[in-house]
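Respectively, the protein sequence lines represent chains A and B. According to the numbering used here, the residues represented by the first sequence are 6 to 530, in order. According to the numbering used here, the residues represented by the second sequence are 8 to 403, in order. Taking it in order: structure first as structure tokens, then the write-up.
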Amino acid sequence: MTAMLEMRNVSKSFSGVQALRDVNFSVEAGQIHALVGENGAGKSTLMKVLSGVYPAGSYEGTIIFDGEERRFRDINDSEALGIIIIHQELALIPLMSIAENIFLSHPPSKLGVIDRDEVYRRTRELLAQVGLKESPDTLITDLGVGKQQLVEIAKALSKRVRMLILDEPTASLNEADSAALLERLMAFRAQGIGSILISHKLNEVAKVADHITVLRDGRTVDGIDCRAEPIQEDRIIRSMVNRDLAHRFPERSAKIAEPVLTVENWSVYHPIHPERQVIKNVDFSVKRGEVVGIAGLMGAGRTEFAMSLFGRSWGTTISGRIRLEGREIVLPNVAAAIDAGLAYVTEDRKQLGLILADDVRKNITLASLDQVAPNRVIDDIAELKVASDYRNRMRIRCSDVYQETGQLSGGNQQKVVLSKWLMTDPKVLILDEPTRGIDVGAKYEIYCIINELAEAGRGVVVISSEMPELLGICDRICVMNDGAFVGEFPGAEATQEKIMRAIMRNDRNYGSSALAGAEMGGSQL
Amino acid sequence: MTDKTVSLPEEGRHGSFIKNNLRNYGMLMSLIAIMLFFQVMTGGTLLQPLNLTNLVLQNSYIVIMALGMLLVIVTGHIDLSVGSVAGFVGAVAAVLMVTYKVDYTLAFIACLLLGAAIGAAQGYWVAYFKIPSFIVTLAGMLVFKGLALAVLQGQSLGPFPATFQKLSSGFIPEMLPEAGTLHPTSMLVGAVLALGLVYASAKGRSREQLHGIEVEPYAFFLGKSILLACAVLYFTYLIASHRGLPNVLVIMTALIALYGFVTRRTVIGRQVYAVGGNAKAASLSGIKTERLTFLTFVNMGVLAALAGLVFAARLNTATPKAGLGFELDVIAACFIGGASAYGGVGRVGGAVVGAMIMGVMNNGMSILGIGIDYQQVIKGLVLLGAVCIDVYNQRR
Chain A
6 MTAMLEMRNV SKSFSGVQAL RDVNFSVEAG QIHALVGENG AGKSTLMKVL SGVYPAGSYE
66 GTIIFDGEER RFRDINDSEA LGIIIIHQEL ALIPLMSIAE NIFLSHPPSK LGVIDRDEVY
126 RRTRELLAQV GLKESPDTLI TDLGVGKQQL VEIAKALSKR VRMLILDEPT ASLNEADSAA
186 LLERLMAFRA QGIGSILISH KLNEVAKVAD HITVLRDGRT VDGIDCRAEP IQEDRIIRSM
246 VNRDLAHRFP ERSAKIAEPV LTVENWSVYH PIHPERQVIK NVDFSVKRGE VVGIAGLMGA
306 GRTEFAMSLF GRSWGTTISG RIRLEGREIV LPNVAAAIDA GLAYVTEDRK QLGLILADDV
366 RKNITLASLD QVAPNRVIDD IAELKVASDY RNRMRIRCSD VYQETGQLSG GNQQKVVLSK
426 WLMTDPKVLI LDEPTRGIDV GAKYEIYCII NELAEAGRGV VVISSEMPEL LGICDRICVM
486 NDGAFVGEFP GAEATQEKIM RAIMRNDRNY GSSALAGAEM GGSQL
Chain B
8 MTDKTVSLPE EGRHGSFIKN NLRNYGMLMS LIAIMLFFQV MTGGTLLQPL NLTNLVLQNS
68 YIVIMALGML LVIVTGHIDL SVGSVAGFVG AVAAVLMVTY KVDYTLAFIA CLLLGAAIGA
128 AQGYWVAYFK IPSFIVTLAG MLVFKGLALA VLQGQSLGPF PATFQKLSSG FIPEMLPEAG
188 TLHPTSMLVG AVLALGLVYA SAKGRSREQL HGIEVEPYAF FLGKSILLAC AVLYFTYLIA
248 SHRGLPNVLV IMTALIALYG FVTRRTVIGR QVYAVGGNAK AASLSGIKTE RLTFLTFVNM
308 GVLAALAGLV FAARLNTATP KAGLGFELDV IAACFIGGAS AYGGVGRVGG AVVGAMIMGV
368 MNNGMSILGI GIDYQQVIKG LVLLGAVCID VYNQRR
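Spelled out as structure tokens, the structure:
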């Protein structure tokens with residue numbers, strides 16, 4: 006059988022960072038092709054190249070579809086050929102009906118007037134095809150995530166799909182919905198539709214995939230023909246994570262003392278879907294001088310856990326106990342958390358960490374203005390000195406402390422955020438993806454800062470999706486999946502395989518990970 | 008500890024200084040240009056002592072409200088109800104003082120409290136219920152316009168007690184012997200103010216120098232100080248040669264100074280800007296964003312009430328039409344003065360200059376005999392132009 010789609014030697018880089026290198030990837034008609042890899046391995050980038058989100062010319066290599074070379078200028082070009090992508094974050098309009106959503110961009114119409122009978126007739130057909138028993142009039146917001154996923158697929162089918170790309174389709178589905186979806190995929194296979202399935206759940210992949218391609222650091226590192234050979238999970242996991250430690254980590258000698266922060270039986274519910282328990286009665290602790298890593302996949306609940314601790318800035322119906330230096334405390338809001346000695350460096354520094362239009366000085370002092378403002382009046386000289394002091398200590402590269410933070414590079418912005426939190430003199434610092442989008446040199450500097458913090462007797466918690474980073478800097482690594490801790494390793498004993506296995510095992514045991522993925526949308530406050 | 012500043016060669020420093028400050032002083036220069044234009048076109052009428060005094064009296068309530076509006080806009084909101092609130096408070100003041108003969112001090116305080124309550128009522132919905140301020144204050148605009156009509160029963164009510172009128176039409180008492188038409192006390196106040204300003208900026212500059220902070224070149228500092236002092240003295244001279252400093256000008260100047268200080272130097276001021284700049288980041292930095300938003304509306308209510316009182320005292324009657332369309336001038340003043348509609352950006356000085364630009368244009372065009380129809384067209388275009396220039400500057 007010849008390939009319907011062939012991507013040859015695709016490379017793509019973002020301002021110097023190589024996201025894809027010479028990737029070869031092909032899908033046959035009537036094949037389910039699974040694409041697996043760590044966060045940041047390049048899966049989504051590859052799919053964006055394929056669907057035309059990154060237009061021809063912005064990448065190297067060729068895309069051949071139906072035997073012809075294609076140069077997609079935008080997503081409309083790829084859709085015209087029947088290449089339809091369903092993103093992890095569903096792109097439905099909540100307050101419109103199923104029918105309106107399905108025919109949003111191309112409603113059947115006569116002279117520009119939408120033909121409602123035709124819309125309803127075809128919507129019913131499509132819903133029957135995907136096995137969704139709902140009225141076309143039902144609003145999207147009244148559907149569960151699983152059913153919304155099916156509406157997305159129906160929408161894809163309405164466009165005469167030939168190749169369906171599903172990005173983590175079951176991440177937010179329960180077991181029954183996942184199984185139904187996978188069955189749907191197999192039905193499409195029988196109809197000759199090619200599918201690309203991006204998934205972290207190896208058990209699902211094993212169930213439906215005809216071929217598995219493993220991406221790592223933007224390269225294809227393994228290809229498994231599932232019809233020819235048995236699927237070995239260990240082999241896949243090893244391919245996914247095995248790599249040379251590209252970064253160097255600063256040496257550190259840990260002097261770990263008594264616990265500084267202890268969390269017991271912590272439970273958090275989703276703010277928008279209050280029946281969903283996002284953090285499931287977890288225990289956690291960090292000691293003075295210790296760097297604890299929290300590993301896990303996107304949507305595992307790590308950010309939600311951290312933010313709910315930090316003055317209940319995420320979630321509802323939060324319960325559990327927090328002890329700081331042995332004393333039980335209640336943190337009803339962020340100000341109380343800061344006063345108690347907690348600091349949280351957000352994952353998204355532009356949206357949640359900085360005031361980009363304000364200068365470096367104002368950002369640094371924002372969380373501890375009282376220190377430079379006796380009697381609530383800001384002493385501008387004292388403020389300037391503190392800011393300049395941090396600028397020198399953290400080696401923030403800026404023209405002066407009056408420069409807008411929006412003009413700084415990612416690494417320097419992150420140093421500004423770190424300065425802000427250091428100024429509050431925290432006992433425990435939680436860093437959420439502290440090196441995301443930062444170049445290698447700046448990463449090293451951030452690791453050094455983390456070490457210094459620990460040496461100064463603070464407890465440091467690092468949430469990261471980059472496993473080598475956690476292995477390089479942490480004294481202890483906790484693995485979170487689906488809102489609970491599923492593994493814990495001393496830093497010296499942890500390996501990427503062990504961590505990945507803890508996550509994957511758990512995904513198989515608790516296939517109903519109703520929480521992963523969908524939480525990410527809600528976690529942005 | 009010390010900041011390593013790169014000291015540029017003298018010439019380069021001057022160049023960069025002019026560039027950096029052009030944006031800050033751009034609107035002030037526009038104001039001066041507009042004043043010169045009308046001064047020439049009206050054959051010198053604009054800056055005649057009588058007209059200048061009137062100009063101050065006519066625009067005082069816009070300036071007062073612009074101070075509050077600036078904070079509201081900086082937090083990323085808008086208040087459309089200020090005109091109606093000012094009118095309503097003026098009406099209540101008239102009922103209290105004229106109909107019920109309440110003591111004017113008591114009535115004055117009651118009216119300011121009423122303004123605070125109105126601001127709190129609106130701010131509550133905006134801050135805690137997250138209802139868009141545009142809608143809440145649009146509702147408020149209708150409600151208080153209606154209430155003003157109801158309180159006055161559709162009639163004008165006056166006159167106010169003579170002491171109350173002094174709020175707007177009074178001048179500071181003359182304590183020194185008369186010197187022709189010039190009012191020496193006013194002149195003295197102006198001179199003290201000019202010296203005070205120069206002294207304060209000189210002190211600030213030497214303090215910065217002491218701590219090794221880069222300061223503006225000496226020539227600039229000297230030039231700026233002399234210009235500032237001369238402008239204040241000249242302005243006072245003009246005003247003093249009519250009837251002296253109006254009471255309301257004193258109130259206004261004090262308020263401008265107060266709000267300038269609060270926005271630039273206090274914790275609460277800094278936090279208001281942070282909320283407007285990035286509410287989520289501010290809230291994750293421990294700032295109580297909702298409470299601050301609420302307080303800016305309370306503050307706006309108080310200032311709208313004060314403006315209503317000033318306006319009523321000036322007309323010496325409360326009319327159901329009082330306050331009509333004030334909100335537009337006030338909002339325009341803030342935006343002309345460089346406030347950003349997205350929040351987080353805006354200066355008290357800018358809003359004041361913006362209000363003065365509107366005032367001078369109103370006044371100048373009236374003297375020139377331009378009809379109210381084309382006056383509005385021109386004002387609208389100036390607003391659009393000013394904001395376009397600002398947006399263009401920020402993109403660069």
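For every residue, glycine included, the Cβ atom is placed at its ideal position computed from N, Cα and C.
Of the listed residues the options, nearest to residue i (C-alpha basis)
i, options, result
"L40 (chain A)", "A:P473, A:L413, A:M245 and A:A262", "A:M245"
"A314 (chain B)", "B:V196, B:D397 and B:A123", "B:A123"
"R13 (chain A)", "A:I68, A:F254 and A:F19", "A:I68"
"N270 (chain A)", "A:V58, A:G488 and A:R506", "A:G488"
"A211 (chain A)", "A:A195, A:D239 and A:I198", "A:D239"
"R272 (chain B)", "A:S83, A:L389, A:N486 and A:R121", "A:L389"
"E333 (chain A)", "A:A345, A:T322 and A:V339", "A:A345"
"M168 (chain A)", "A:S393, A:S83, A:P255 and A:Y274", "A:S83"
"P168 (chain B)", "B:Y399, B:A117 and B:V105", "B:V105"
"Q160 (chain B)", "B:V239, B:A117 and B:V102", "B:V102"
"Y452 (chain A)", "A:Q419, A:M428, A:D430 and A:S63", "A:Q419"
"G344 (chain B)", "B:V355, B:G276, B:L335 and B:G351", "B:V355"
Test item: CB-CB of residue i and residue j under 8 Å
i, j, result
"F304 (chain B)", "G90 (chain B)", "no"
"I1 (chain A)", "M472 (chain A)", "This structure does not reach residue 1 (chain A), given that chain A is present from 6 up to 530, and the question cannot be answered."
"V156 (chain A)", "N106 (chain A)", "yes"
"G358 (chain A)", "V350 (chain A)", "yes"
"Q196 (chain A)", "A159 (chain A)", "no"
"R467 (chain A)", "V291 (chain A)", "According to the sequence displayed, residue 467 (chain A) carries Val and not Arg. No, they are not a contact pair."
"G94 (chain B)", "A155 (chain B)", "yes"
"A325 (chain B)", "S67 (chain B)", "no"
"I85 (chain B)", "G308 (chain B)", "no"
"G141 (chain A)", "S102 (chain A)", "Reading off the sequence shown, one finds Pro at residue 141 (chain A), where the question assumed Gly. Result yes, Cβ atoms of P141 (chain A) and S102 (chain A) sit closer than 8 Å."
Within-8 Å CB hit, residue i to chain B
i, result
"R332 (chain A)", "no"
"V124 (chain A)", "no"
"Q356 (chain A)", "yes"
"S318 (chain A)", "yes"
"D363 (chain A)", "yes"
"L250 (chain A)", "Bear in mind that the predicted position of L250 (chain A) carries a pLDDT of just 47, short of 50, making it unreliable; the figure below should be weighed with that in mind. No, L250 (chain A) does not count as interfacial toward chain B."
"T351 (chain A)", "yes"
"L137 (chain A)", "no"
is_contact[residue i, chain A] using C-beta, thresh 8 Å
i, result
"N285 (chain B)", "yes"
"G293 (chain B)", "yes"
"R212 (chain B)", "no"
"I138 (chain B)", "no"
"A288 (chain B)", "yes"
"A281 (chain B)", "yes"
"I263 (chain B)", "no"
"H190 (chain B)", "no"
"I246 (chain B)", "no"
Minimum length 4: unbroken alpha helix (DSSP H) runs contained in the segment 425-469 of chain A
445-460
Could I get the ranges of all uninterrupted alpha helix (DSSP H) runs contained in the segment 350-379 of chain B, with 4 residues as the minimum, in chain order?
355-374
Determine which residues of the segment 265-277 of chain B have a Cβ less than 9 Å from any Cβ of chain A, and write them out in chain order.
F268, R271, R272, T273, V274, I275, G276 and R277
So if I threshold CB-CB distances at 7 Å, which residues from the segment 346-366 of chain B count as touching chain A?
G351 and V352
What are the uninterrupted segments assigned as beta strand (DSSP E) that are 3 or more residues long and contained completely in the segment 137-224 of chain A, given in chain order?
168-172, 199-203 and 216-221
For the segment 55-85 of chain B, which residues have a CB atom closer than 8 Å to at least one CB atom of chain A, in sequence order?
none
May I ask you to list, following chain order, the residues of the segment 160-182 of chain A that have a beta carbon less than 8 Å from some beta carbon of chain B?
none
Going along the chain, which residues of the segment 431-445 of chain A sit with their C-beta nearer than 8 Å to a C-beta in chain B?
none
For the segment 83-132 of chain A, list the alpha helix (DSSP H) runs that are entirely contained and at least 4 residues long, ordered along the chain.
103-107
Could you please tell me which residues of the segment 265-277 of chain A, in chain order, have their CB closer than 9 Å to any CB of chain B?
none
Quick one, which residues of the segment 336-349 of chain A are near chain B if we go by CB-CB under 9 Å, in chain order?
N338, V339, A340, A341, A342, I343, D344 and Y349
Can you check the segment 41-119 of chain B for any alpha helix (DSSP H) of at least 4 residues that lies completely inside it and give the ranges in chain order?
56-81 and 89-101
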